[in-house]
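Comments concern the structure below.
Number of protein chains: 2
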Amino acid sequence: MGRLTGGDPSLLRRINSAVVLHALRATDCATLTEITRVTGLSRPTVEGVVEGLIEAGLVVEKAAEEGAARRQGRPARRFRFRAEAGHLLGLEIGAHRVAALLADLDGRVIGSQAKDVPETAGADERLERLRGTVAELLRRAGVARGSLRAVGVATPGIVEADGTVRLGTALPGWTGLRLGERLSRSFKCPVLVENDANAAAVAEHWKGAATESDDVVFVLAGLSPGAGSLIGGRLHRGYGGAAGEIGALHLLGREVTPETLLSTTDQPLHPLDEQAVAEVFAQARQGDQRARAAVDRFLQRLVHDVAALVLALDPELVVIGGWAAGLDGVLAPLRHELARYCLRPPEVALSRLGDAAVATGALRLALDHVEEQLFSVEGTTTPRR
Amino acid sequence: MGRLTGGDPSLLRRINSAVVLHALRATDCATLTEITRVTGLSRPTVEGVVEGLIEAGLVVEKAAEEGAARRQGRPARRFRFRAEAGHLLGLEIGAHRVAALLADLDGRVIGSQAKDVPETAGADERLERLRGTVAELLRRAGVARGSLRAVGVATPGIVEADGTVRLGTALPGWTGLRLGERLSRSFKCPVLVENDANAAAVAEHWKGAATESDDVVFVLAGLSPGAGSLIGGRLHRGYGGAAGEIGALHLLGREVTPETLLSTTDQPLHPLDEQAVAEVFAQARQGDQRARAAVDRFLQRLVHDVAALVLALDPELVVIGGWAAGLDGVLAPLRHELARYCLRPPEVALSRLGDAAVATGALRLALDHVEEQLFSVEGTTTPRR
Chain A
2 MGRLTGGDPS LLRRINSAVV LHALRATDCA TLTEITRVTG LSRPTVEGVV
52 EGLIEAGLVV EKAAEEGAAR RQGRPARRFR FRAEAGHLLG LEIGAHRVAA
102 LLADLDGRVI GSQAKDVPET AGADERLERL RGTVAELLRR AGVARGSLRA
152 VGVATPGIVE ADGTVRLGTA LPGWTGLRLG ERLSRSFKCP VLVENDANAA
202 AVAEHWKGAA TESDDVVFVL AGLSPGAGSL IGGRLHRGYG GAAGEIGALH
252 LLGREVTPET LLSTTDQPLH PLDEQAVAEV FAQARQGDQR ARAAVDRFLQ
302 RLVHDVAALV LALDPELVVI GGWAAGLDGV LAPLRHELAR YCLRPPEVAL
352 SRLGDAAVAT GALRLALDHV EEQLFSVEGT TTPRR
Chain B
2 MGRLTGGDPS LLRRINSAVV LHALRATDCA TLTEITRVTG LSRPTVEGVV
52 EGLIEAGLVV EKAAEEGAAR RQGRPARRFR FRAEAGHLLG LEIGAHRVAA
102 LLADLDGRVI GSQAKDVPET AGADERLERL RGTVAELLRR AGVARGSLRA
152 VGVATPGIVE ADGTVRLGTA LPGWTGLRLG ERLSRSFKCP VLVENDANAA
202 AVAEHWKGAA TESDDVVFVL AGLSPGAGSL IGGRLHRGYG GAAGEIGALH
252 LLGREVTPET LLSTTDQPLH PLDEQAVAEV FAQARQGDQR ARAAVDRFLQ
302 RLVHDVAALV LALDPELVVI GGWAAGLDGV LAPLRHELAR YCLRPPEVAL
352 SRLGDAAVAT GALRLALDHV EEQLFSVEGT TTPRR
């Protein structure tokens with residue numbers, strides 16, 4: 002007869018910790034007896050888990066806080082979660098600006114800061130600007146750097162699991178940058194690097210246009226659109242972090258470049274930036290025929306990109322963000338064409354978080370990481386940095 | 002001070018059942034003490050769970066089997082999982098044939114059967130053919146119909162959660178067919194209906210070309226390709242079951258239809274079936290210029306479809322199945338073009354299960370369902386039928 006040898010004890014400990022912590026975070030405070038009853042775990046298991054959480058500084062005994070001498074006899078010990086035990090940062094690195102959000106362990110934002118940065122700035126200058134933004138934010142909020150438990154960073158480009166930017170053509174000197182490692186020098190806590198469209202998708206789901214849906218594609222619409230997807234409420238990064246990088250699809254058809262697409266002359270549009278594109282859209286609104294044709298081509302491409310994402314993923318909801326979301330008439334043609342060609346057309350909505358989407362998503366990822374960490378008081382999980 | 006009221010007792014019971022059953026299935030047999038030790042659950046919890054599993058016929062006490070009088074005193078009771086307690090079917094409904102696989106509760110195949118069916122057969126005739134195939138298979142294997150615990154069915158088309166075919170142009174009379182309900186009349190157990198490409202993806206992951214990867218896109222390549230995706234080892238159906246139905250993408254570009262694409266004359270190819278297409282490929286191999294051009298167009302479209310899936314999902318591996326997988330020279334241009342245009346090109350492989358992929362996937366889905374059911378001895382989950 003065989004013997005029972007299976008099972009993963011550290012996994013069970015993590016599950017038990019998660020269960021206890023969920024119970025404690027859902028209430029003001031609770032006794033060991035209450036936790037034992039609600040979780041179905043044995044009392045020794047609950048005691049071990051709570052002890053670990055106290056050691057980690059994440060749980061405190063209420064009686065100890067309120068003075069042990071307050072009551073006679075031996076009242077039942079009560080415990081509560083300490084949201085003030087640490088802080089989180091959500092950072093955004095963009096072409097024109099860097100931004101930072103500061104929050105407690107429940108994800109409540111307690112401060113924010115942003116600075117402009119030249120489009121031509123190299124990696125060193127851009128990171129220095131970000132460091133200055135963070136320093137100012139922490140100083141203003143009166144939060145010590147040592148109190149930070151996790152930092153989320155969102156950046157354009159494909160981000161590898163170790164925080165290296167595999168490909169990032171939007172920012173000078175960005176491809177190959179070991180962004181996670183560079184930023185880790187400024188913090189003692191884990192630094193989590195994420196693609197900007199992925200972060201924005203997480204943010205819209207947390208507190209934006211997608212709070213009601215777990216199956217969302219967020220399109221960061223611009224000259225070369227990127228997308229972030231949530232499937233069943235969880236971020237879908239893809240095997241190599243490249244999911245949603247749909248901008249390359251047109252290369253296959255050998256179709257025209259964005260410069261040609263948006264040109265109203267016989268020459269490619271130069272420089273190809275937001276201001277130049279906004280001008281083309283303004284001309285189109287004033288009735289200029291060539292500008293209208295350029296805008297039509299641009300929207301048709303956006304429709305094709307979004308359709309490819311929708312056919313592959315079949316989301317409930319598509320959220321359009323990025324600067325193109327501010328352009329007139331993006332939603333109507335998208336809805337019309339998706340209804341024609343998608344077997345099950347999704348809802349289409351504009352971003353509700355606008356400029357704040359990317360940094361908010363970075364903050365949520367830091368919060369997710371801390372919550373995972375809480376569920377692993379034995380230190381058995383390796384942070385993604 | 003707040004009171005601890007949260008938690009979902011039925012969810013906890015399901016989790017506890019799953020933990021106990023996993024432990025039991027991983028071994029020959031075990032005592033209550035062993036199960037308690039490995040799972041970390043309390044003894045009363047383990048006793049309750051095991052009792053529920055015995056009532057469900059899925060666990061048996063070893064001592065009871067071997068004769069209670071065999072030993073003196075009160076030896077510790079030992080329990081084992083009963084794979085022979087029930088059976089599963091995996092069914093495939095195709096344009097030219099229907100097929101069935103029979104297995105035990107561990108998914109071990111103990112019989113198979115297939116029958117041809119005319120391409121023009123209507124829904125009634127096709128389903129009758131399937132019923133006959135199943136009846137013959139059960140009779141040959143000596144398995145009673147009442148022993149079936151779950152039936153998986155794979156079909157072309159978009160399948161809704163209730164087993165209705167929302168859209169299925171490949172088979173006559175298929176769109177709108179309440180396939181799950183129709184087949185449920187023949188079985189007392191749950192009938193799970195799934196899209197054929199989705200089922201094949203599951204099969205290749207279970208025992209085909211994708212056993213080493215959890216992030217897979219399976220392309221059922223044909224005139225209008227469909228795809229099934231696994232993300233983190235789990236089937237991605239999409240919000241409305243339409244994920245991977247990439248065939249519609251070309252409609253957006255107003256590009257030519259498959260009939261025109263594969264034509265070697267000035268007229269659309271008619272009839273458009275596998276035999277006609279195989280002839281075009283044969284002519285191309287013999288050096289016919291128009292046929293070679295037609296094949297190039299066909300492959301280019303396949304590359305575009307696969308690229309859209311890869312850019313959206315970023316899988317580790319793409320498996321090519323379906324009849325086009327049998328055509329010469331599908332892999333080389335796919336690998337070449339994906340490497341050029343995908344930021345992180347995936348591996349590309351041919352299906353290892355061939356014709357058996359779809360029915361094998363249907364069987365695996367039946368097995369998945371039974372395993373889920375095992376984890377829910379209280380009957381709190383609703384089967385998807």
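Here the protein sequences come in this chain order: A and B. 2 is the number of the first residue of the first sequence in the numbering used here; add one for each residue after it. 2 is the number of the first residue of the second sequence in the numbering used here; add one for each residue after it. Every residue gets a Cβ at the ideal spot worked out from N, C-alpha and C, and that includes glycine.
Of all the options the options, which has the alpha carbon lying nearest to the alpha carbon of residue i?
{"i": "G362 (chain A)", "options": "A:P45, A:E195 and A:A228", "result": "A:E195"}
{"i": "A201 (chain A)", "options": "A:R186, A:A222 and A:S187", "result": "A:A222"}
{"i": "T121 (chain A)", "options": "A:G108, A:R140, A:A145 and A:G95", "result": "A:G95"}
{"i": "G53 (chain B)", "options": "B:N17, B:V319 and B:L178", "result": "B:N17"}
{"i": "G87 (chain B)", "options": "B:V50, B:T156 and B:K189", "result": "B:K189"}
{"i": "S230 (chain A)", "options": "B:D315, B:A19, B:R186 and B:A340", "result": "B:D315"}
Below 8 Å between beta carbons: does that hold for residue i and residue j?
{"i": "C30 (chain A)", "j": "R81 (chain A)", "result": "yes"}
{"i": "A198 (chain B)", "j": "A162 (chain B)", "result": "no"}
{"i": "I321 (chain A)", "j": "V220 (chain A)", "result": "yes"}
{"i": "T176 (chain B)", "j": "L168 (chain B)", "result": "yes"}
{"i": "G102 (chain B)", "j": "R150 (chain B)", "result": "Gly is not the amino acid found at residue 102 (chain B); the sequence shown has Leu there. Going by C-beta atoms, L102 (chain B) is not nearer than 8 Å to R150 (chain B)."}
{"i": "A283 (chain A)", "j": "L262 (chain A)", "result": "no"}
{"i": "D356 (chain A)", "j": "P226 (chain A)", "result": "no"}
{"i": "V47 (chain A)", "j": "R83 (chain A)", "result": "no"}
{"i": "R286 (chain A)", "j": "G108 (chain A)", "result": "no"}
{"i": "G164 (chain B)", "j": "G153 (chain B)", "result": "no"}
{"i": "A209 (chain A)", "j": "A358 (chain A)", "result": "Inspection of the sequence shows that residue 209 (chain A) is occupied by Gly rather than by Ala. Yes, these two residues count as a Cβ contact at 8 Å."}
{"i": "L12 (chain A)", "j": "A308 (chain B)", "result": "no"}
{"i": "V304 (chain A)", "j": "V349 (chain A)", "result": "no"}
{"i": "A155 (chain B)", "j": "A360 (chain B)", "result": "yes"}
{"i": "V281 (chain A)", "j": "T265 (chain A)", "result": "yes"}
According to DSSP, simplified to helix, strand and coil, what is residue i?
{"i": "D125 (chain A)", "result": "helix"}
{"i": "S18 (chain B)", "result": "helix"}
{"i": "E372 (chain B)", "result": "helix"}
{"i": "L138 (chain B)", "result": "helix"}
{"i": "R390 (chain B)", "result": "Since the first and last residues shown for chain B are 2 and 386, residue 390 (chain B) lies out of range."}
{"i": "D306 (chain A)", "result": "helix"}
{"i": "K208 (chain B)", "result": "helix"}
{"i": "Q268 (chain A)", "result": "coil"}
{"i": "K63 (chain A)", "result": "helix"}
{"i": "G233 (chain B)", "result": "coil"}
{"i": "T176 (chain B)", "result": "coil"}
{"i": "D315 (chain B)", "result": "coil"}
{"i": "V194 (chain B)", "result": "strand"}
{"i": "A31 (chain A)", "result": "strand"}
{"i": "A279 (chain B)", "result": "helix"}
{"i": "L12 (chain B)", "result": "helix"}
What separation, rounded to the nearest whole angstrom, lies between the Cα atoms of residue i and residue j?
{"i": "D105 (chain A)", "j": "G91 (chain A)", "result": "11 Å"}
{"i": "L375 (chain B)", "j": "S43 (chain B)", "result": "20 Å"}
{"i": "D369 (chain A)", "j": "I232 (chain A)", "result": "16 Å"}
{"i": "E93 (chain B)", "j": "A27 (chain B)", "result": "30 Å"}
{"i": "T170 (chain B)", "j": "A243 (chain B)", "result": "14 Å"}
{"i": "L138 (chain B)", "j": "S352 (chain B)", "result": "26 Å"}
{"i": "L312 (chain A)", "j": "G248 (chain B)", "result": "8 Å"}
{"i": "A333 (chain A)", "j": "F299 (chain A)", "result": "14 Å"}
{"i": "E317 (chain B)", "j": "W207 (chain B)", "result": "16 Å"}
{"i": "D289 (chain A)", "j": "V144 (chain A)", "result": "54 Å"}
{"i": "L25 (chain A)", "j": "I36 (chain A)", "result": "8 Å"}
{"i": "P76 (chain A)", "j": "K63 (chain A)", "result": "11 Å"}
{"i": "L335 (chain B)", "j": "L344 (chain B)", "result": "15 Å"}
{"i": "S113 (chain B)", "j": "A100 (chain B)", "result": "8 Å"}
In chain A, which residues lie with their C-beta within 8 Å of the C-beta of residue i?
{"i": "S43 (chain B)", "result": "G41, L42 and S43"}
{"i": "D315 (chain B)", "result": "R238, G239, Y240, G241, G242, A243, A244, G245 and E246"}
{"i": "N17 (chain B)", "result": "G41"}
{"i": "T46 (chain B)", "result": "G41"}
If the cut is a Cβ gap below 8 Å, which residues of chain B does residue i touch?
{"i": "R345 (chain A)", "result": "I159, R167, G239, Y240, G241, G242 and A243"}
I want to verify the contact list: residues of chain B whose CB lies under 9 Å from the CB of residue i, in sequence order.
{"i": "N196 (chain A)", "result": "Ordered by position in chain B, no residue passes the 9 Å Cβ test against N196 (chain A), which lies about 11 Å from the chain."}
Say yes only if the C-beta of residue i is nearer than 7 Å to one or more non-hydrogen atoms of the ligand ADP, and no if none qualify.
{"i": "R127 (chain B)", "result": "No copy of the ligand ADP appears in this structure; indeed no ligand is present at all."}
Starting from the beta carbon of residue i, find every residue of chain B whose beta carbon is closer than 7 Å, and list them in chain order.
{"i": "I321 (chain A)", "result": "Simply none; closest approach about 16 Å."}
{"i": "I232 (chain A)", "result": "I232 and H237"}
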